[in-house]
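Trainee: Quick one: the structure is below, questions incoming.
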Amino acid sequence: MPRYDFRSIESRWQQYWEDNQTFQVQDCVADREKLYVLDMFPYPSGEGLHVGHPEGYTATDIVCRHARMRGRNVLHPMGWDAFGLPAEEFARQKGIHPRIKTEENIETFRRQLKMLGFSYDWNREISTTDPDYYRWTQWIFLQIYDTWYDESHEWTGPDGVSRTGRGRPISELPVPAEVSAKGDSAVRRYQDKHRLAYLSEAPVNWCQELGTVLANEEVIDGRSERGGHPVERLNLKQWKLRITAYGDRLGDELQDLGWPESIKYMQRNWIGRSTGAEVDFAVAGGDDSPTEWLQQRTADGFPDEQAAGTIRVYTTRPDTLFGVTYMVLAPEHPLVDQITTDEQRGQVEEYRRTAALKSDLDRTDLSHQKTGVFTGGYAWNPVNGEKVPVWIADYVLISYGTGAIMAVPGHDERDHEFATQFGIPIVQVVQPATETAEPVDIQSAALTELGVAVNSGEWDGMPTAECKQAITAALSERGVARQAVNYRLRDWLFSRQRYWGEPFPIWHELDDNGEPTGLMRPEPIESLPVPHPHVEDFKPTGTPEPMLSKASEDWLYRTDSDGVRLKRETNSMPQWAGSCWYYLRFCDSRNSNQFIDPEKERYWLPVDLYIGGAEHAVLHLLYARFWHKVLFDRGLVTHPEPFRRLVNQGMILGENGEKMSKSRGNVVNPEEVVEQRGADALRLYEMFMGPLEQVKPWQTSGVEGVYRFLGRVWRLIIDDRAEQNQLDAAVTEDAPDENQQRMLHKTIKAVSEDVERLSFNTAISRMMEYTNFLYEQSTRSRQLLEPLVLLLSPFAPHISEELWNALGHDQTLAYEAWPAWDESLLVESTVEIPVQVCGKLRGRITVAADADSAQMQAAAEADPGVQKHLEGKTVIKVIAVPGKMVNFVAR
RNA sequence: GCCGGAGUGGCGAAAUGGCAGACGCGCCGGAUUCAAAAUCCGGUAGGGGUAAUUCCCUGUGUGGGUUCGAGUCCCACCUCCGGUACCA
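Here the first sequence is numbered in our numbering, starting from -11 and rising by one per residue.
Encoded structure:
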């Protein structure tokens, strides 16, 4: 017993915390400052915990336990991101309902996490798969569905910041008179086109193997992120969320967040805002310049939508319009059919077919070899009336900009490569601004840098930046161009075809023939949640037809009070949905009337510290911010951003320095570590390995090291040869001496500051040094030991509770005051400082701590070692920094 | 290709521009033990020197620079890791 017996100690204190509800937290405590510390909640896989989980979780636990001891009211919850494919795959193979498997996995995760002694308030536990939870996920979807984005709305939010652009109720959408005139259905269709959640038919990433479509974010090199299965493009009607409406705010409001710069950068990149112009090229019918068309445009102005007989392009370089020698449409571009001449039709059709079959992987994999086909058609360049050939090529993407480009091979690398390959002329219209450069050979490489316009008629000599503006302005006046902003970010493809996700709370109206009319009705709020239907088997349909369409008639259909026959939406939401708002629900997880109580929202939010893996840098974190901003605009939350500070823990590699994986056989199971050395040792080791944010390899011998340290702390206090838990004979009630006092206070200071910087590895080092110091002392005052136990407690809570108890306290130490240090006790009367001669260390002197430069110099000059090195040299200069060092510059 | 981050003992790593390698692992030696485990104490960057020492030289990826002084700041390059890739 008196040996350090982590098994009995850890289970005893875990039981104690549970019995006493030690970490249950009260909401809205007015007199205590709140702290909301959040872990990225895990997907409860069948594998159980891996060592990466406890890394971030231990870090947040230390922060929380420390903060409680500093008197903060701490919200520290845990839950499960439990929808997803694996449970459904399991169901398909074993015939067991995904819910059952999911609950089993959650049980394992919960047991394993409890085994590690984290101070979560388990009363707030949530699972995204719980109907009481996804009821509100569906509810939030309906809020998004009920919202349109008013770009010009100026307003000041509850945060006191003025913004332009706001998500507003769809009922406030101005409806043009000509639409209203067409009646109710027309108005509803008009509204549907403006909602933040909308149905659209578009090419999507369909994965046959997984039986679902995937978001762009889930497709990597033409394969599914999960499983690496091939993905093809299909035209399907899918739900999308208009995240692009928030592109600017998602980019701009990153500014003030306490996030790693790299993550902010990645998000900005992902959003990929660019500015330029949209320009219309008239399709050439014959050889006559489109004079009439131009006159008409000058009178009518630039149409909102691309008009018949024109090709609209997006360019960031309107200054290069005079260098356009051809145009390219994406193979899927709707104009291709019209523009293609009969001679070319065969080739064009053939090209379109192969392009459609190509996955994105094939499109990028062919070492960037450009392909394309001339359509036979031409268009008029609006700046100079030149006739340019129109091609199709798959290097132009239908999903970006207008799906069509003006090609300027002289000043764009991709166009240059294409033009070279197909023998299309290359024209220079920009030259470097500096004269010194040798002549540019535009035929051999594109000049993409900014410069000065040439061969551009009236614009010659104008610098690029200015020229972009000037040409756009001139063309705008003639109704053939306008300024435009584009995003790399696409609207978020939000539907999936799988069973184990949130059903959509949407009904489709059917006509008398049972065909959808295209009009929709939301599920009434009071009848949420929309539950999962019973299905007989979990085999994918093998087609893009969703799993939920296998449901029984009474789930699929109903007749509304006005007699309209309705069919349920059978798509389901992606896994991201539940994780978009879970941090809100933790504040009020048992509320059955609201998704969150506004008072609790104001008290707890934003999350003060959010720790998780960098793999969520763009997806989860961008989606969650987007939802949050919609809720903010709708007045449902009061802070514009959900996560004030973000920290990414570095990945833990296997002992061989490679990524841990089953196939590499280097996976470390945390449960085994706990069985062998205890939870405290595991926690301590994970924090001792190195800086939290750094990637670092696992070393089992390192666990041994911290385990030994815990044993040393134990024996510092407990007599391990006694039969009973009793204090070691060296523990006294005497007051510590000055030197001991100083060591204690130095340690308190260092550990406190390190914890605040999340520099846990150095904090642990400090405690080790202090422990080593105490071993050198013949007696150990209780006053030296109790603070150590408190300092250690956030890191290794079980052993600390046990020692605290052995020192005679009968309450948990979780709410004991964190030790304070006294600066006045830190000062030493003398200090040892280095002496350098010409920057080289030549001796050490001991001087009074407050010695000034002159005293230090005198002491240094008196040092025999220093004298030896100054011999025969002339001292030119002496640098003496009080308390730091002395340096003689000599020749 | 582009954008980040990082290169320090045998290993994980420390170091507001001021004694490089704290702390831990491993290894070596000692104590304890019949012996071992466990534990406790000491040593441990490399090279050289000395009877011995608080001796000397070299050293933070490479090459330059700034500075009295650089692992730390600046420039160029090399390597590794991560992100991203036809976004017009």
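Built from N, CA and C at the ideal position, the CB exists for glycine as well.
The structure displayed is predicted, hence computed values, not measured ones.
Please determine, among R285, E280, F290 and F269, the residue with the shortest C-alpha to C-alpha distance to G297.
Mentor: Among R285, E280, F290 and F269, the Cα nearest to that of G297 belongs to F269.
Trainee: With a Cβ-Cβ cutoff of 8 Å, do D27 and G40 count as a contact?
Mentor: no
Trainee: Quick check: L484 and M561, are their CB atoms within less than 8 Å of each other?
Mentor: First, the amino acid is wrong: residue 484 is Arg here, not Leu. Result yes, Cβ atoms of R484 and M561 sit closer than 8 Å.
Trainee: On the DSSP letters alone, give me the boundaries of the alpha helix (DSSP H) that D742 sits inside.
Mentor: Membership of D742 in the alpha helix (DSSP H) is indicated by the continuous run E726 to E744.
Trainee: Considering D268, what are the terminal residues of the beta strand (DSSP E) in which it resides?
Mentor: R261 to V271
Trainee: Can you say whether P263 is buried or exposed, counting buried as having 16 or more other CB atoms within 10 angstroms of its CB?
Mentor: The identity of residue 263 in the sequence shown is Thr, whereas the question assumes Pro. Exposed is the call here.
Trainee: With C-beta atoms as the reference, is L762 less than 8 Å away from R768?
Mentor: yes
Trainee: Name the one or two DSSP bridge partners that N657 has.
Mentor: According to DSSP, which records beta bridges pairwise, N657 is partnered with nothing at all.
Trainee: Let me confirm a value: V518 is counted as buried when at least 16 other C-beta atoms fall within 10 Å, else exposed. Which label applies?
Mentor: buried
Trainee: For the ligand PLP, is there any heavy atom lying closer than 7 Å to the beta carbon of R221?
Mentor: Because no ligand of any kind appears in the structure shown, any question about the ligand PLP cannot be addressed here.
Trainee: Which runs of the alpha helix (DSSP H) spanning at least 4 residues fall entirely within the segment 127 to 170, listed in chain order?
Mentor: Assignment of alpha helix (DSSP H) within the segment 127 to 170, counting only whole runs of 4 or more residues, yields 165 to 168 in chain order.
Trainee: List the endpoints of the continuous alpha helix (DSSP H) containing W495.
Mentor: No alpha helix (DSSP H) contains W495, which is instead part of the beta strand (DSSP E) from I494 to L498.
Trainee: Would you check if the segment 745 to 762 and the segment 691 to 705 touch, i.e. whether three or more CB-CB distances between them fall below 8 Å?
Mentor: yes
Trainee: Assign P32 to one of two classes, buried (16 or more other C-beta atoms within 10 Å of its C-beta) or exposed (fewer than that).
Mentor: buried
Trainee: In three-state DSSP terms, what is Y388?
Mentor: coil
Trainee: Cα separation between T558 and P594?
Mentor: 35 Å
Trainee: Could you pull out every residue in the same chain whose Cβ sits closer than 7 Å to the Cβ of N644, ignoring the five residues on either side in sequence?
Mentor: N654
Trainee: For S444, count neighbouring C-beta atoms within 10 Å of its own C-beta (all shown protein chains included) and say buried if the count is 16 or more, exposed if not.
Mentor: buried
Trainee: Cα-Cα, which of W792, V271, G398 and H217 is closest to R305?
Mentor: Out of W792, V271, G398 and H217, G398 has the C-alpha closest to the C-alpha of R305.
Trainee: Express the C-alpha separation of R622 and S549 in angstroms, rounding to a whole number.
Mentor: Counting only the Cα atoms, R622 lies some 29 Å from S549.
Trainee: By alpha-carbon positions, which one of F410, E721 and A47 ends up nearest to S362?
Mentor: In the sequence as presented, Ser is not what sits at residue 362; that position holds Phe. Residue F410 is the option with its Cα nearest to F362.
Trainee: So, are the CB atoms of P586 and V149 less than 8 Å apart?
Mentor: The answer is no: Cβ separation not under 8 Å.
Trainee: Give every residue of the same chain whose Cβ lies closer than 6 Å to the Cβ of A185, excluding the five residues on either side of it in the sequence, and list them in chain order.
Mentor: So the list reads I132, Y133 and L229, once near-sequence residues are dropped.
Trainee: Entirely within the segment 60 to 95 and at least 4 residues each: give me those alpha helix (DSSP H) ranges in chain order.
Mentor: 73 to 82
Trainee: Given this structure, state the Cα-to-Cα distance separating G831 from Y758, to the nearest angstrom.
Mentor: In a straight line, the C-alpha of G831 is about 28 Å away from that of Y758.
Trainee: Can you tell me whether DSSP reads C568 as helix, strand or coil?
Mentor: coil
Trainee: Can you have a look at L354 and say buried or exposed, based on whether 16 or more other CB atoms are within 10 angstroms of its CB?
Mentor: The predicted position of L354 is uncertain, since its pLDDT is 47 and thus under 50; no value can be drawn from it.
Trainee: Does the distance from the C-beta atom of F620 to that of G145 stay below 8 Å?
Mentor: yes
Trainee: Grab me the residues of E465's own chain with a C-beta within less than 8 Å of its C-beta, minus the 5 sequence neighbours each way, in chain order.
Mentor: T286
Trainee: At what residues does the alpha helix (DSSP H) containing T232 begin and finish?
Mentor: Note, T232: premise wrong, no alpha helix (DSSP H); not H, not E.
Trainee: Starting from Q179, follow the alpha helix (DSSP H) in both directions and report where the run begins and ends.
Mentor: D172 to H182
Trainee: How far does the beta strand (DSSP E) with M315 in it extend, from its first residue to its last?
Mentor: Y314 to L317
Trainee: Do N636 and E674 come within 8 Å of each other at the CB atom, strictly closer than that value?
Mentor: no
Trainee: DSSP state of Y31, grouped into three classes?
Mentor: coil
Trainee: Can you grab the Cα-Cα spacing for the pair G199 / G105, in whole Å?
Mentor: Approximately 40 Å between the Cα atoms of the pair.
Trainee: Identify the continuous alpha helix (DSSP H) that holds M756 and give its terminal residues.
Mentor: Counting along the chain, M756 sits inside the alpha helix (DSSP H) bounded by residues F748 to E764.
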